[in-house]
Amino acid sequence: MNQILRTYEDRLIKNGLAEPGAPLLGCLDADLEWNRPDTDFAVFEAIFERLNINSIIFSRPAEPYRSIIDYLAETSNGIITPQDCETRTFFHDLPVSFQFSPDEITSILKKRKSIIIPGRGIITCGMVGMEQAYVTYASVCFACFIKFFSDFLWDARRGNVDERKCNLFDGVVNQLDPPASFRGSMMKGPFNSADGVCEAIQEAGRLTVEHRLVDSYFGNISFCYGQTLYISQTGSSLDDLKGCIDPCPLDGSSCVPITASSELPAHLKIVQTTGYRAILHGHPKFSIILSMDCDIENCTCRETCHQKCPHDRSVRGIPIVSGEVGSGPHSLCNTVPEAIRNEPGVIVYGHGVFTAGKTDFNQPFKNLIEIENNCRKEYFDRIR
Amino acid sequence: MNMYGWCGKIARINLSNQTGYVDTADPDILKMFIGGRGLSGYYLREKITLDWNHPDMPLLFFTGPLVNTRSPTSGRMTIMSRSPLTGTVGDSSVGGSFAHQLKKAGFDGIIITGKSETLCGIEIQDQTIRIVDAAHFTGRKINEVHSFLKDRGSTAIIGPAAENGVLFSSIMVDRNFAAGRTGIGRVAGSKNLKYLTVKGTGRTKVFDPEGLRSAREDVFRLAAASPVLLGEYGISRFGTGALYDLMDARCMMPTDNFRKTRFGNASLMNAYAFKKKYSPKKTGCRGCHILCKKITESRTSMPEFETMSHFSALLGNRDIDAVVEANRVCNEMGMDTISAAATLACFSEISKKKLSPQKIVSLLRNMGRNKGIGAELGKGAMIYAQRCGRSDLAMAVKGQELPAYDPRGAYGMALAYATSSRGGCHLRAYPISHEILRKPVATDRFSFKGKARMIKIGEDLNAAADSLTVCKFIFFAASLEEYARIYTAVTGIKTSGQDLSETGERINYNERMMNAANGFSGEDDDLPGRFFESPGEKDGDIQIEPIEREAFLSARSNYYRARKLDKNGMPVPKVARQLGLRPLIIPKGDL
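Line by line, the protein sequences give chains F and D.
Using this note's numbering, you'd call the opening residue of the first sequence number 1230 and step up by one each time.
Using this note's numbering, you'd call the opening residue of the second sequence number 3 and step up by one each time.
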């Protein structure tokens, strides 16, 4: 079998996004290749014939995603609209269909990168390879998770939880991973070489993924060594950073880091305006969910929480700030550096958590875990 | 005609009899080919077998439906004809404000045929078209002519090079924006057309302004999240020269006529060095928020990435001022910087003479003036090398010189160079986006696996972009998914990203048909032998090896299947019909 197909099938399973044997992956160059036989080949071959794509993933998600996604899809009006940053920026919304036919699937994939078919699974496609289909698949799972728990909290506050929803919620909660814990030790600073820094970044990235503090490809990590910030590349997978770390000279004398993470402006500003040198940015789910749980009634800024929030918000002492990805006028690089200066970390609305340390990644990683675990506890406290 | 987006009007101008009239565009054709490159190709196809300098050969200027609206990065147009340099379809996408003014004047495009007896200009003000004498501009440089004409609106001007027979002559828009590639400036020169000016006052109707606002915000959000576009080291801050360091770091900077892939002086001649030395300001095309163009207070245009790279590394030149001067000379004389530099590099290798900074600049002037060895070099690297009996040293595909990405460092780029319908060009498929810049995701740059279809899809995407006449750079961040919403909001025509991609497929197939009609086949879809024989440099874990010939040929065969061509790379009539393309009647038969 095509090694690329094997790689992404394994990744889906390893990251808890699909169960063994479930994913069907197809890629088309001159010939169409599949990772396994399937009775639905004809449907997907028709889709490949009609669309200018080169890869498809079709799979039932693993639990708890399966129950969550089926529920959201069944209760949607054909479109799920998560409010998290990833979906808002890169996917816009998540279309749903109840028909598993080439015509229906094609008509939706013409406009969007994914389609959810309740009871059957998620179909995603890529025009630039299997990785694109994989990232979309992972993001659909992530976005639906965030939306499900956010919606439940919203409804619970207002007494809108019926028995079905309540049972589903209990079932989903029972299948959650246990809270992250880490009793080991990471590489200790101060580091005395660029190679050492890169090793420390790789270790921190791998542990962040292993502890499920970031899904898909959306976190980033950096360390400032001397006058150079070493930072993960854009679209890199934090558990596989070898060869994907850009050196970024603080004096701007080289544009090699043009491939650096989208959040480079925030990392640079943190380094330049605080004493921190190690920065970790993950997307832990309950922190994101709570960042969007605002109980200020009749707020006039409700539509622009992700861009600018006039209120001082926090959860269990950790500040929540607004801000968008990258370098635009509402960029999080304008909010995070100031907010993190005297705090263990900062949560960005609907997006993720930044933590920072002075000599290595031990403290930022511990802070990331602690913030997420506190948010998780806080979430269930609020439910009660 | 009540149209949204398009004007529905085309200016047809015949320089032989000095007449012009306003033609009506067929709405069905507009939908099938959109605008820009697509629409130009539609109007070119029936004449494509004529010689490039035949009076009936059209020179086409086409905008798109999004121009003169608030659609992001939409202020571009395509200039097309048959290329004097390659004999293929010849086109160039260009920014500035010409497209914007043309739409304001009420035209989607201009079709120029015939040949003026003396040098002339075309001046358009709203619906009034004048053909005027321009003999007094004979031999005048572009900046000089522009200073005379700038009050008459946006300008498109050829320089002395186009008048003097340089086959890679450009047309410069608003003095600083080059329609550089494929030598279309020479086509204007052959028609004795020195310039066009256009100024208009009209508005372009938008079907759904609120829908456009919403879709536009999505594109802005994506652009803000793009390190390449608006990041700390992106092209908005440093210009396209921001790519310079990366190409060297990835060991794929063409150096010494592609004999090497790293340049020892790169860190001293990068975008940072230019910024520090010249303190340029940001500017850009009309309606663009990225503003990648860099110009000094004295109106000196900073070189683009390709120009920076080829006038330094490719020629082994370590003088940063000479790069700026070479760029200035090319822009004033009206020559494509990529072809000019690559031809000099070929000359340097054949003659075994390293060119000093002064020699580089003087040779460029002589090219433009058709003087001495410059007259020979003005025919491009391939013709010059053939005359010297060393065609192997012309680093060109289909006669067009290669840009500044060594194909041994990115195999998708290698395939895309070979299959490009206009010869050695990085922009048709632009796989650098995923092979180097990691957008939308990263792919393995040292593998042909899956690249055939990726290149086909990339070509379709960029054909659609060139026909919407939006900037290709925005697709480092956004996709046709977002631009489909913009297109629908502007025109009222329901579409999808995939529908636009299918239109791109039609446009590419049409170009392939036109090239086939002129005798091009799979044999022409090839790279210079050097890339299959010689390695590049090594740095750490990166080792630039020669491309494996069999793997390349296999990928090319796969491309033909993905593109639905026959095994020799020729168009298939049945596929053409399925794409809505009528057969192309040529003397040898139908295609």
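Glycine included, each C-beta is placed from N, C-alpha and C at the ideal position.
Predicted, not measured: the structure shown is a model, and the values here were computed from it.
Range covered by the alpha helix (DSSP H) that runs through residue i
{"i": "F/Val1577", "result": "No alpha helix (DSSP H) contains F/Val1577, which is instead part of the beta strand (DSSP E) from Gly1574 to Val1577."}
{"i": "F/Trp1383", "result": "Met1359 to Arg1386"}
{"i": "F/Glu1526", "result": "Per DSSP, F/Glu1526 belongs to no alpha helix (DSSP H) and is neither H nor E."}
{"i": "F/Tyr1237", "result": "Gln1232 to Lys1243"}
{"i": "D/Val325", "result": "Ile322 to Met335"}
{"i": "F/Pro1476", "result": "Premise fails: F/Pro1476 lies in the beta strand (DSSP E), Ile1474 to Pro1478, not in any alpha helix (DSSP H)."}
{"i": "D/Leu248", "result": "Leu245 to Ala251"}
{"i": "F/Thr1488", "result": "From DSSP, F/Thr1488 is part of no alpha helix (DSSP H); its letter is neither H nor E."}
Identity of the residue in the options nearest residue i by Cα
{"i": "F/Asp1322", "options": "F/Met1356, F/Leu1597 and F/Ser1368", "result": "F/Ser1368"}
{"i": "D/Met415", "options": "D/His436, D/His312, D/Leu17 and D/Asp568", "result": "D/His436"}
{"i": "D/Lys201", "options": "D/Lys207, D/Ala158 and D/Glu165", "result": "D/Ala158"}
{"i": "F/Leu1479", "options": "F/Gly1464, F/Glu1492 and F/Leu1458", "result": "F/Leu1458"}
{"i": "D/Ala328", "options": "D/Val230, D/Val363, D/Ile322 and D/Met310", "result": "D/Val363"}
{"i": "D/Met337", "options": "D/Ile144, D/Ser73, D/Phe109 and D/Tyr561", "result": "D/Ile144"}
{"i": "F/Thr1304", "options": "F/Asn1281, F/Asp1468 and F/Pro1347", "result": "F/Pro1347"}
{"i": "D/Cys9", "options": "D/Lys33, D/Gly22 and D/Ile15", "result": "D/Lys33"}
{"i": "D/Ala136", "options": "D/Met174, D/Thr199, D/Lys356 and D/Arg183", "result": "D/Thr199"}
{"i": "D/Val91", "options": "D/Asp568, D/Ala578 and D/Tyr511", "result": "D/Tyr511"}
{"i": "F/Cys1534", "options": "F/Pro1573, F/Gly1579 and F/Leu1497", "result": "F/Gly1579"}
{"i": "F/Ile1450", "options": "F/Ser1410, F/Asn1571 and F/Arg1506", "result": "F/Arg1506"}
{"i": "D/Lys569", "options": "D/Ile112, D/Glu535, D/Ala578 and D/Ser556", "result": "D/Ser556"}
{"i": "D/Ala217", "options": "D/Leu583, D/Pro67 and D/Tyr489", "result": "D/Tyr489"}
{"i": "D/Ile297", "options": "D/Ala13, D/Pro305 and D/Ile124", "result": "D/Pro305"}
{"i": "F/Val1577", "options": "F/Asp1541, F/Thr1588, F/Gln1592 and F/Arg1435", "result": "F/Asp1541"}
{"i": "F/Lys1595", "options": "F/Arg1605, F/Thr1588, F/Thr1584 and F/Cys1604", "result": "F/Thr1584"}
{"i": "D/Ala273", "options": "D/Gln20, D/Gly243, D/Leu224 and D/Arg558", "result": "D/Gly243"}
{"i": "D/Phe313", "options": "D/Arg301, D/Ser303, D/Ile340 and D/Thr302", "result": "D/Ile340"}
{"i": "F/Ile1285", "options": "F/Asp1258, F/Ile1297 and F/Arg1295", "result": "F/Asp1258"}
Run of the beta strand (DSSP E) containing residue i, from where it starts to where it stops
{"i": "F/Leu1497", "result": "Counting along the chain, F/Leu1497 falls outside any beta strand (DSSP E), though it belongs to the alpha helix (DSSP H) covering Leu1493 to Thr1502."}
{"i": "F/Gly1350", "result": "Gly1350 to Gly1355"}
{"i": "D/Asn16", "result": "Lys11 to Asn16"}
{"i": "D/Met174", "result": "Ile173 to Val175"}
{"i": "D/Leu104", "result": "It is not in any beta strand (DSSP E) - D/Leu104 instead sits in the alpha helix (DSSP H) that spans Phe100 to Lys106."}
Per-residue contacts from residue i into chain F (C-beta, under 7 angstroms)
{"i": "D/Gln500", "result": "Leu1280, Asn1281 and Lys1339"}
{"i": "D/Phe240", "result": "Cys1484"}
Sequence-distant residues of the same chain with beta carbon closer than 7 angstroms to residue i, five excluded per side
{"i": "F/Gly1350", "result": "Phe1287, Ser1288, Arg1289 and Pro1290"}
{"i": "F/Glu1607", "result": "Leu1519, Val1544 and Arg1545"}
{"i": "D/Arg371", "result": "Pro162 and Asn166"}
{"i": "D/Cys332", "result": "Thr339, Ala342 and Leu366"}
8 angstroms Cβ cut-off: residues of chain D touching residue i
{"i": "F/Gly1358", "result": "His436, Val443, Thr445, Gly452 and Met456"}
{"i": "F/Glu1553", "result": "Arg223, Ala226 and Ala227"}
{"i": "F/His1580", "result": "Per Cβ cutoff of 8 angstroms: no residues; F/His1580 is ~11 angstroms from chain D at best."}
{"i": "F/Thr1304", "result": "Within 8 angstroms Cβ-Cβ: nothing; F/Thr1304 doesn't reach chain D, min ~25 angstroms."}
Proximal residues of chain D, C-beta to C-beta of residue i below 7 angstroms
{"i": "F/Pro1187", "result": "Residue 1187 of chain F lies beyond the range of chain F shown here (1230 to 1613); nothing can be said about it."}
{"i": "F/Gln1462", "result": "Arg440"}
{"i": "F/Cys1256", "result": "Gly452"}
Those residues which DSSP pairs with residue i across a bridge
{"i": "F/Ala1507", "result": "F/Phe1452 and F/Gly1586"}
{"i": "D/Arg132", "result": "D/Glu125"}
{"i": "D/Gly92", "result": "D/Ser83"}
{"i": "F/Pro1548", "result": "F/Ser1543"}
{"i": "D/Ser536", "result": "Paired residue(s): none; D/Ser536 is not in a bridge."}
{"i": "D/Gly141", "result": "Note: D/Gly141 sits in no beta bridge, so no partner."}
{"i": "D/Leu61", "result": "D/Ile114"}
{"i": "D/Ala181", "result": "D/Ile173"}
{"i": "D/Gln545", "result": "D/Lys540"}
{"i": "D/Thr51", "result": "D/Thr51 is not bridged to any residue."}
{"i": "D/Glu403", "result": "D/Ala398"}
Within chain F, the residues that residue i reaches when beta carbons sit closer than 9 angstroms
{"i": "D/Asp462", "result": "Asn1281"}
{"i": "D/Lys586", "result": "The sequence as given places Leu at residue 586 of chain D; Lys does not occur at that position. Result: empty, since nearest Cβ-Cβ is about 24 angstroms, beyond 9 angstroms."}
Own chain residues within Cβ distance below 8 angstroms of residue i, not counting five before or after
{"i": "F/Glu1492", "result": "Asn1449, His1510, Val1554, Gly1555, Leu1561 and Cys1562"}
{"i": "F/Thr1502", "result": "Pro1566, Glu1567 and Arg1570"}
8 angstroms Cβ cut-off: residues of chain F touching residue i
{"i": "D/Glu504", "result": "Asn1281"}
{"i": "D/Val230", "result": "Ile1487 and Thr1488"}
Under 9 angstroms by beta carbon: chain D residues contacting residue i
{"i": "F/Leu1497", "result": "Glu234"}
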